[in-house]
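These notes concern the structure reproduced below.
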Amino acid sequence: MPRIGVFICWCGTNIAGTVEIEQVVNAARSFPGVVYAGDYRYLCSEVGQKLIKDTIKKENLERVVVGTCSPRMHEVTFRKAVAEAGLNPYLLEVANLREHCSWVHKDPAEATPKAIALVRAAVSKASLDEPLTALMLDVEKRALVIGGGIAGIQAALDIADSGYTVDLVEKEPSIGGRMAQLEKTFPTLDCAACILTPKMVEVAQHPNINLLTYSEVEAVSGFVGQFDVRIRSRARSIDPSKCTGCGICYEKCPAKVPSEFDMELGKRKVIYVPFPQAVPNIPVIDRENCLYFKRGRCRICEKECPAEAIDFEQQDEIIERRYGVILVATGFDSMDLTGYGEYGYGQHPDVLSALQFERLFNASGPTAGQVVRLSNGRPPQRVVFIQCVGSRDIARGQNYCSKICCMFTSKQAILLKEKLPETEAYIFYIDLRTAGKGYEEFQRRAAEEYGVIYLRGSVGKVFPEGERLLVRGVDSLSGRPLEIEADLVVLAAASVPRRDAPELARLMSINSDRYNFFDEAHPKLRPVETHTAGIFIAGACQAPKDIPEAVAQAGAAAAKAVTLLSKEKLQSEACVAKVDPARCSGCLHCEAVCPYGAIAATETEERVRGELLTRTVAEVNPALCQGCGCCTMTCRSGSVTLQGYTDEQMLAEVDALCLQR
Amino acid sequence: MSTALGKTGEVPVNGASPEKERWTPLIVAFCCNWCSYAGGDLAGTSRMDYPANVKVIRMPCSSRINPLFILRAFQRGADGVLVAGCHPGDCHYTSGNYYVRRNLSLFRRLLEFSGIEPERFQVSWISASEGDKFAGVMQSLTEEIKALGPNGKWRDSRWQSVE
Amino acid sequence: MIFSESYHRFIDELKKNTGQDPNQCYQCAKCSAGCPVVAAMDLLPHQVIRYLQLGLLGELEESRTPWICASCFTCAARCPRDLDLARLMEGVRLAVLRLREGNRLSPADLELTPEQLEKLPAQALVSSFRKYAK
């Protein structure tokens with residue numbers, strides 16, 4: 023039986039006012055193993071802590087029990103004190119005599135026996151305490167940012183500016199993301215490219231940023247401080263060291279396919295840069311559609327390239343690297359609207375999604391900046407905008423509000439009015455949500471200065487009628503059905519997670535909500551962290567959000583990432599699960615329930631009747647384990663235990679509590 | 016009430032004897048550290064009042080609770096056991112309380128099968144902000160079990176508690 | 245009376261009869277926008293739901309809309325709140341009938357012999373009970 027010391031705190035009158043301290047101390051002296059019991063007015067004070075430290079040395083204490091306030095308050099304080107006296111900090115137990123006793127029971131005749139019971143339980147548990155050591159983990163001083171939209175760009179720049187190396191991985195041939203596709207931004211009507219391009223260039227030129235475009239993350243293993251990541255950098259078929267970005271190759275390329283950047287409205291060449299301001303300004307060959315890769319002949323680009331940069335033999339490059347932290351900023355997609363047959367999307371060229379309509383304004387867009395009907399190339403006389411297409415729709419779309427549509431629809435109506443002042447703009451909305459700095463004012467300007475007509479209601483159907491589109495809707499405020507002959511119909515499609523978001527979440531074992539948006543660790547207090555330590559999220563991959571919010575979140579996530587990177591070592595959780603391989607049957611049910619992927623199969627060797635046998639058992643990675651103990655309950659052979667909360671300790675505590683009625 | 020007492024047969028069945036009035040049940044509450052234990056702390060800082068016969072054991076997560084612990088409490092003379100954890104969806108460790116919910120609903124049927132009144136084993140989701148709920152649950156649990164009287168099932172007859 | 249006890253009784257009854265909760269509606273008016281017979285209605289479909297939300301059954305009793313609804317289900321197919329308006333309209337018709345006619349019929353009122361009862365088409369019995377019985 024180890025030598026146990028018990029210290030009871032008065033907490034002024036907070037505990038001593040209700041609990042008879044002397045009785046508790048006297049009772050504690052009689053508990054098995056207790057060689058010292060004492061009390062003090064304020065144990066958490068420096069003098070109080072010194073009392074504990076001195077007594078540990080004087081009485082040769084091996085375990086310490088304090089009867090104080092809640093362990094959630096001062097456990098750390100007392101662990102530190104115990105450690106300073108040379109004891110392992112996990113050889114301390116706390117009996118909660120304040121929040122769970124003196125403050126909730128008024129009668130000393132009731133509170134005192136309960137306090138004694140609580141101290142008895144803590145003593146019983148302490149007698150079974152084992153010294154525990156938290157692992158000290160190395161931190162690789164390098165960050166990985168996945169996604170090169172505005173959030174990823176901002177995060178990469180912030181981390182790089184703090185002096186750490188950042189690898190920025192982008193799936194597309196250029197960084198820029200959704201923001202690069204926008205013409206103007208609300209509520210200031212800044213030109214998106216004008217504010218984004220300088221940041222993109224900064225990324226390309228930053229000495230601490232290593233840009234990996236046309237690349238994807240394929241595998242992630244490891245844990246905070248030491249993530250091992252495999253990245254596939256796809257073959258561009260162009261030697262970046264030779265390419266000058268002159269653009270002759272894509273001028274001469276004979277093959278065309280729909281442009282993803284222009285939301286399939288325009289065409290791009292098969293060797294291409296997605297847009298003129300692309301960073302890096304190096305084309306790629308789309309091998310799926312390239313005539314040479316498909317049919318074995320063409321190679322016109324190779325003949326035309328003055329720098330001899332075309333390389334048809336180039337292979338994908340596999341990069342395997344270790345990172346201390348990972349920041350995910352993969353952004354959003356515009357929802358596929360084919361389920362909304364009543365609006366005629368995909369059936370009529372003049373029914374567009376908002377992102378498609380945005381491209382019509384852009385000078386490098388499919389119409390070279392002319393806002394025209396795609397059916398006949400003429401400017402529209404009347405445009406109808408429909409909001410909440412796919413958003414707030416529990417039947418065919420997403421339950422949530424996509425948040426940005428009210429604002430971008432008003433913005434597009436203003437842009438339309440500025441370009442074509444005679445054109446009428448109608449907006450069907452259900453509710454107008456304009457919370458944000460300057461947002462309400464912006465929307466009011468659209469209605470009051472630009473004469474955009476807001477109709478509260480919905481559209482039931484869009485029919486082609488002659489050359490035009492007949493929009494049949496209702497204004498719910500007047501209760502009046504409406505029929506509007508329109509030239510263009512613009513649908514505010516819901517923002518949804520990227521199609522490959524579930525796959526990425528699985529790779530990194532981070533959580534997603536039911537829509538596949540990545541989940542933050544706490545909705546209020548840990549908005550940029552994930553449940554996996556060392557992995558952070560920013561931007562619209564977490565939930566729909568506008569540019570200022572995405573940038574703010576990226577900055578916050580970068581700050582969190584830098585906080586981790588700046589540490590020499592990281593301390594892991596000490597109370598972690600442990601498997602006894604001799605008893606483990608290798609069923610791996612524990613692996614299935616572990617929320618942190620901290621349990622994996624491993625091989626163990628044992629000698630049975632002189633023969634060396636190998637069998638599979640579970641093994642806990644103490645760097646990943648967070649100490650919930652879920653595995654212990656799943657284990658059929660009782661071979662997993664949670665250190666600091668072993669079965670023996672918990673049972674001893676139950677026994678002690680029940681002993682003292 | 017007399018039926019419940021008659022079932023256990025350990026306390027005189029004389030209706031409202033002063034002894035029975037004074038009798039208080041022993042209740043062991045297993046609380047997860049992040050929600051329910053913190054809810055208990057809040058009940059304390061808000062100076063709420065609940066019966067002193069409830070004694071709390073702090074667990075990292077409700078999913079750490081092995082049914083064995085609950086049986087042991089009944090063996091050692093507990094008259095009621097409470098398991099409290101974060102609300103579904105709010106588990107600090109993401110999913111622990113979903114597992115415990117499944118596990119314990121099965122275990123509860125075993126307890127009922129063995130003859131323990133279902134009121135004696137309860138599960139409650141109490142968040143860190145629900146100090147009033149914590150105190151309320153302790154209050155109502157005590158009253159319910161007081162009405163049932165002492166528990167005799169699973170009890171280890173050799174076990175002697177001290178007063 | 246709005247939101248009184250009788251309001252809650254009415255809503256509960258409506259939910260029971262139709263399986264639909266009118267309070268799920270957020271008044272986007274998509275039902276009214278797509279309704280093919282809206283021209284003949286005095287109240288638009290979304291207004292009928294609003295009246296239900298407010299418990300204004302008296303006003304609905306005066307309205308032609310529930311009787312004009314052809315149960316074509318266009319609204320139900322497009323409702324973003326997944327409400328089946330056609331069922332709600334049927335619920336309104338039922339409620340209005342009961343309001344107007346009272347509970348006139350009970351099986352005993354029929355004064356039929358078991359043989360006569362057996363000969364009656366079951367559907368006729370069921371529908372008259374639905375309309376007139378409690």
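Protein chains in written order, with the numbering used here: chain A, 23 to 683; chain B, 16 to 178; chain C, 245 to 378.
All C-beta atoms in this analysis are idealised placements derived from N, C-alpha and C, irrespective of residue type, glycine included.
In three-state terms, what does DSSP make of residue i?
{"i": "A:Tyr9", "result": "There is no way to answer for residue 9 of chain A, as the model of chain A reaches only from 23 to 683."}
{"i": "A:Asn48", "result": "helix"}
{"i": "A:Tyr272", "result": "helix"}
{"i": "A:Asn118", "result": "strand"}
{"i": "B:Ser120", "result": "helix"}
{"i": "A:Thr187", "result": "strand"}
{"i": "A:Gly353", "result": "coil"}
{"i": "A:Ala640", "result": "strand"}
{"i": "A:Ile253", "result": "strand"}
{"i": "C:Cys275", "result": "helix"}
{"i": "B:Trp140", "result": "strand"}
{"i": "B:Leu163", "result": "helix"}
{"i": "A:Pro130", "result": "helix"}
{"i": "A:Glu551", "result": "strand"}
So with CB distances below 7 Å, who are the chain C contacts of residue i?
{"i": "A:Ile416", "result": "Pro324, Arg325, Asp326"}
{"i": "A:Gly556", "result": "By Cβ distance, chain C contributes nothing, its closest Cβ being about 40 Å from A:Gly556, past 7 Å."}
{"i": "A:Gly501", "result": "Leu288, Gln291"}
Determine the direct distance from the alpha carbon of residue j to that of residue i, and round the result to whole angstroms.
{"i": "A:Gly460", "j": "B:Met63", "result": "46 Å"}
{"i": "A:Ala457", "j": "A:Cys213", "result": "22 Å"}
{"i": "A:Ala50", "j": "A:Ala678", "result": "12 Å"}
{"i": "A:Ile532", "j": "A:Thr554", "result": "6 Å"}
{"i": "A:Gly269", "j": "A:Pro305", "result": "8 Å"}
{"i": "A:Ser149", "j": "A:Met23", "result": "7 Å"}
{"i": "A:Lys582", "j": "B:His107", "result": "20 Å"}
{"i": "A:Val126", "j": "A:Leu114", "result": "25 Å"}
{"i": "A:Asp180", "j": "A:Arg344", "result": "20 Å"}
{"i": "A:Lys75", "j": "A:Arg25", "result": "15 Å"}
{"i": "C:Leu361", "j": "C:Ser307", "result": "36 Å"}
{"i": "A:Leu442", "j": "C:Phe247", "result": "50 Å"}
{"i": "B:Ala162", "j": "B:Gly95", "result": "12 Å"}
{"i": "A:Leu510", "j": "C:Ala284", "result": "29 Å"}
{"i": "A:Glu132", "j": "B:Leu126", "result": "30 Å"}
Check the Cβ of residue i against every Cβ in chain B and list those closer than 8 Å, keeping chain order.
{"i": "A:Glu42", "result": "Those within 8 Å of A:Glu42 in chain B number zero; the least Cβ separation is about 14 Å."}
{"i": "A:Leu524", "result": "The residue you asked about is not Leu; residue 524 of chain A is Pro in the sequence shown. Per Cβ cutoff of 8 Å: no residues; A:Pro524 is ~16 Å from chain B at best."}
{"i": "A:Pro388", "result": "Going along chain B, no residue has its Cβ under 8 Å from A:Pro388, so there is no contact; the nearest lies around 45 Å."}
{"i": "A:Ala329", "result": "Per Cβ cutoff of 8 Å: no residues; A:Ala329 is ~52 Å from chain B at best."}
Show which residues of chain C have a CB atom less than 8 Å away from the CB atom of residue i.
{"i": "A:Pro566", "result": "In chain order: nothing, as chain C lies at least about 17 Å away."}
{"i": "A:Lys483", "result": "Ala277, Gly278"}
Which chain A residues sit within Cβ distance under 7 Å of residue i?
{"i": "B:Ser78", "result": "Cys650, Gly651, Cys652, Met655"}
{"i": "C:Ala273", "result": "Gly479, Ser480, Val496, Ser498"}
{"i": "B:Val71", "result": "His122"}
Find the residues of chain A that neighbour residue i, judging by a C-beta separation of less than 9 Å, and give them in chain order.
{"i": "C:Tyr270", "result": "Arg414, Ile452, Asp453"}
{"i": "B:Arg99", "result": "For clarity, residue 99 of chain B is Ala in the given sequence; the question names Arg instead. By Cβ distance, chain A contributes nothing, its closest Cβ being about 13 Å from B:Ala99, past 9 Å."}
Name the chain A residues that come within less than 8 Å of residue i, Cβ to Cβ?
{"i": "C:His252", "result": "Result: empty, since nearest Cβ-Cβ is about 24 Å, beyond 8 Å."}
{"i": "B:Phe122", "result": "The premise fails here: B:Phe122 is roughly 10 Å from chain A at the closest Cβ pair, so nothing lies under 8 Å."}
Just to make sure I have the definition right: I need the residues of chain C whose C-beta is within less than 9 Å of the C-beta of residue i. Which are they?
{"i": "A:Gly419", "result": "Pro324"}
{"i": "A:Pro486", "result": "In chain order: nothing, as chain C lies at least about 17 Å away."}
Just to make sure I have the definition right: I need the residues of chain B whose C-beta is within less than 7 Å of the C-beta of residue i. Which are they?
{"i": "A:Ala640", "result": "None at all; the shortest Cβ gap to chain B is about 16 Å."}
So residue i contacts chain B; which residues on that side make the cut at Cβ distance below 9 Å?
{"i": "A:His228", "result": "Neighbours of A:His228 on chain B: none; closest Cβ ~36 Å, over 9 Å."}
{"i": "A:Val615", "result": "Ser78, Ser110, Gly111, Tyr114"}
Just to confirm the assignment: which complete alpha helix (DSSP H) runs, minimum length 4, are found wholly within the region 55–101 of chain A?
68–80
Note down, in chain order, all residues in the region 80–104 of chain A with a beta-carbon under 9 Å from any beta-carbon belonging to chain B.
Near chain B, meaning a CB-to-CB distance below 9 Å, the residues of the region 80–104 of chain A are Cys91, Ser92, Pro93, Arg94, Met95.
To test your reading of the DSSP string, which unbroken alpha helix (DSSP H) runs of 4 or more residues are found completely within the region 555–638 of chain A?
569–587, 611–615
Scan the region 353–376 of chain A for residues whose Cβ lies nearer than 7 Å to a Cβ of chain C and list them as they occur along the chain.
Glu364
Of all the alpha helix (DSSP H) runs that stay within the bounds of the region 447–533 of chain A, which reach a length of 4 or more residues?
461–470, 523–530
Residues, ordered as in the chain, of the region 279–311 of chain C that lie near chain A by beta-carbon distance below 8 Å:
Listed by position along the chain: Cys279, Val282, Ala283, Leu287, Leu288, His290, Gln291.
Contact list for the region 655–678 of chain A against chain B, Cβ threshold 7 Å
Met655, Leu664, Tyr667, Asp669, Met672, Leu673, Glu675, Val676, Asp677
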